[in-house]
Amino acid sequence: MKTGLKRSDKRKGEKELIMKDMDNIEKLKKWIEESSNIVFFGGAGVSTESGIPDFRSVDGLYNQKYDYPPETILSHTFFVNHPKEFFKFYRDKMIVHDVEPNRAHLALAKLEKEGKLKAVITQNIDGLHQAAGSRNVIELHGTIHKNHCMDCGRPYGLEAVEKAEDVPHCECGGIIKPDVVLYEEALNDHDISASINYISGCDMLIVGGTSLNVYPAAGLINYYRGKRLVLINRGETPYDERADLIIRGKIGEVLGACTGI
Ligand code: NAD
Ligand code: ZN
302 MKTGLKRSDK RKGEKELIMK DMDNIEKLKK WIEESSNIVF FGGAGVSTES
352 GIPDFRSVDG LYNQKYDYPP ETILSHTFFV NHPKEFFKFY RDKMIVHDVE
402 PNRAHLALAK LEKEGKLKAV ITQNIDGLHQ AAGSRNVIEL HGTIHKNHCM
452 DCGRPYGLEA VEKAEDVPHC ECGGIIKPDV VLYEEALNDH DISASINYIS
502 GCDMLIVGGT SLNVYPAAGL INYYRGKRLV LINRGETPYD ERADLIIRGK
552 IGEVLGACTG I
């Protein structure tokens, strides 16, 4: 009897949660309809529905076993001192194969085409926003698709890093380094100031699929001064209290539902 009560309470709770989410999705849909100056700020959670693991979810890279934690391997010092191990991890975990943009990427590309969304600011390095058709994408942490020789500066595509046996080398003998921002490295000034301009000037900021734990990227959302800060995330974030609307759902499903994708 007791258990039965508990179960029905739980069902009731779940139902209320779903109803609340539906209300929130309707609200977000209305806000999107009303705005023509939206900016999106996202992270690894935007790509999990494409099959790319994030860092901090239970099935994320931080919870898998490696000799060193991912943030150590992906640091500048580690890259310089252990290039072979760096490229092993990088090739295994950061270079993604056979992945397609999901509904979140497609919804954002659609909103840009409609003139509603002004910029996608992403911490991701996978290039999936561009693959979905987004044009104005600021890649705060760079991209796996661009690489360069550390000695002569010659640019290389993804293939040069992918096909090398261990450390990829330029024809001149220099090491080919991915244009991704490693821990201990600075973000590009131009990307930061462009992000600040978009965020401080937009009337609605949608933040999604990011734990908002990685700085200075996460701090950029402090430049938003409007009244429509939307957070779409599976887990909690340090910025939850500041949000005007929180949707605890899968971002592809939420943005897909809002845009008819
Ligand atoms: P994170 O792993 O710290 O956080 C991801 C957040 O997204 C978590 O809070 C999680 O609850 C949420 N999430 C996961 N799947 C979701 C979904 N389908 N819908 C809604 N929310 C979802 O990621 P971060 O904040 O981006 O910081 C990690 C750093 O590592 C960043 O620099 C990031 O770019 C990089 N990284 C990039 C990739 C990629 O390019 N795809 C993958 C892993 C890590
Ligand atoms: Zn070179």
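Using the numbering used here, you'd call the opening residue of the sequence shown number 302 and step up by one each time.
Ideal Cβ positions, reconstructed from N, Cα and C, are used throughout, including at glycine.
For the segment 492-512 against the segment 341-357, are there 3 or more C-beta pairs whose distance is under 8 Å? Segments in contact, yes.
Pair every Cβ in the segment 380-388 with every Cβ in the segment 447-461, then say whether three or more of these pairs are closer than 8 Å. Judged by Cβ distances under 8 Å, the segment 380-388 makes no contact with the segment 447-461, as fewer than three pairs qualify.
Name the residue from Glu472, Ala544, Lys419, Gly458 whose alpha carbon lies nearest to the alpha carbon of threonine 444. Ranking Glu472, Ala544, Lys419, Gly458 by Cα distance to threonine 444 puts Gly458 first.
Among residues of its own chain, excluding the 5 on either side of glycine 510, which ones have a beta-carbon nearer than 6 Å to its beta-carbon? Gly343, Gly344, Gly346, Val347, Ile552
Can you look up histidine 442 in the DSSP assignment and give me helix, strand or coil? Reduced to three states, the DSSP call for histidine 442 is coil.
Is the CB-CB distance between tyrosine 484 and serine 376 below 7 Å? yes
Taking all protein chains shown into account, decide if alanine 410 is buried (16 or more other Cβ within 10 angstroms of its Cβ) or exposed. buried
Give the DSSP-derived three-state secondary structure of valine 340 in the structure shown. strand
Around ligand 2, which residues pass a check of Cβ closer than 6 Å to any of its heavy atoms? Those residues, listed in chain order, are Cys450, Asp452, Cys453, Arg455, Cys471, Cys473, Gly475.
Taking the alpha carbon of arginine 392 as the reference point, which residue from Asn325, Ser494, Pro479 has its own alpha carbon closest? Pro479
Expected contact under 8 Å - CB spacing of leucine 521 and serine 496 to nearest Å: 5 Å
When the Cα atoms are used, what is the spatial distance from leucine 546 to arginine 436? 27 Å
Cα separation between glutamate 537 and cysteine 473? 48 Å
So, with DSSP's three-state summary, where would you put proline 370? Reduced to three states, the DSSP call for proline 370 is coil.
Exposure of threonine 560, with buried meaning 16 or more beta-carbon neighbours within 10 Å: buried
Starting from aspartate 480, trace the beta strand (DSSP E) both ways and give me its first and last residue. 477-481
In whole angstroms, what is the alpha-carbon distance linking glutamate 554 and arginine 404? 7 Å
For the beta strand (DSSP E) containing threonine 423, list its first residue and its last residue. Its beta strand (DSSP E) spans residues 418-423.
Own chain, CB closer than 8 Å to alanine 465, minus 5 neighbours either side, in chain order: Excluding sequence neighbours, alanine 465 sits near Phe388, Ile477.
Starting from the C-beta of isoleucine 548, find all residues in its chain whose C-beta is less than 6 Å away, skip the five residues before and the five after it, and write them out in chain order. Asn325, Ile533, Val555
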